[in-house]
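Worksheet: one structure, shown below.
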Amino acid sequence: MGVDRDGFWGLVEDARGGVDDTVADPDGVADALTKLLGGLEAEEIAGFGAEFARLQVESYRWDLWAAAYLINSGASEDGFDSFRGWLIAQGRETWEAALAVPDSLADVVDEDRPEDFEGFDGEALLHVGSHAYKNVTGDEAAYWKAVDAQAPDLPDLPAGKEIDFDDEDDLHTHLPRLAALYLDS
């Protein structure tokens with residue numbers, strides 16, 4: 001028995017429940033989620049990982065990457081992966097709103113970043129499944145094999161119309177609210 005989309009988001013919501021500020025502390029969500037997954041069977045953990053991978057594929061889009069680029073003052077491919085981990089830590093409602101309209105993230109992020117701000121980074125979320133699986137079975141390689149058997153491959157290029165991250169007019173056109181927060185200040 002695997003974990004379906006509703007089960008995935010239920011686990012994320014349970015993990016979020018123990019974290020005061022998920023925007024600032026996605027690692028807290030990752031820690032709580034790793035513990036929750038540790039109480040599941042190996043097959044369920046792999047199902048969680050496969051659903052996570054499906055969400056990563058669905059969110060591999062130019063418009064969302066442009067949002068990450070603005071919000072984090074840049075976003076490499078790895079940075080975009082970590083940003084999407086952070087976005088998962090914000091819960092299903094925020095995730096779905098961001099995929100529908102990436103500019104909606106203007107309602108979530110704080111544009112007044114502290115000087116030591118390192119970005120909206122949820123890299124730890126990318127590893128919760130493999131860590132929990134290894135804790136339960138001792139075999140992380142089997143986790144990746146099980147996930148790969150269930151999940152689609154990431155496409156070579158993001159979906160949608162390409163956005164030039166270095167063109168402020170293009171960013172303003174596609175993400176007017178985020179561009180106003182991060183480019184016009």
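Counting from 1, one number per residue, gives the positions in the sequence shown under UniProt numbering. Here a beta-carbon is modelled for each residue, glycine too, at the ideal position from N, C-alpha and C. Since this is a predicted model, take the numbers as computed values, not measurements.
Query                                                                                          : Result
For Lys161, the first and last residue of its enclosing alpha helix (DSSP H)                   : Run containing Lys161: none; DSSP gives neither H nor E here.
beta-carbon Asp25 near the ligand GDP non-hydrogen atom, thresh 7 Å                            : Summarising the ligand content, the structure contains no ligands, and the ligand GDP is consequently not present.
Distance CB(Val57)-CB(Leu154) smaller than 8 Å                                                 : yes
Nearest-angstrom Cα separation, counted from Val29 out to Gly18                                : 8 Å
C-beta contact flag for Ala32 and Ala151 at 8 Å                                                : no
Start-to-end residues for the alpha helix (DSSP H) that takes in Gly28                         : Pro26 to Leu37
Inter-residue spacing [alpha-carbon to alpha-carbon] between Pro158 and Ala100                 : 16 Å
The stretch 120–136 contacting the stretch 80–90, beta-carbon criterion three pairs below 8 Å  : yes
With 16 other Cβ atoms within 10 Å as the buried cut-off, status of Ala132                     : buried
For Asp6, the nearest candidate out of Leu55, Asp21, Asp184 and Lys35 (CA to CA)               : Leu55
CA-to-CA distance, Glu41 to Phe80, given in whole angstroms                                    : 30 Å
Between the CA atoms of Leu105 and Asp184 - distance to the nearest angstrom                   : 16 Å
When Asp110, Trp65 and Leu37 are compared against Ala98, the one with the closest alpha-carbon : Trp65
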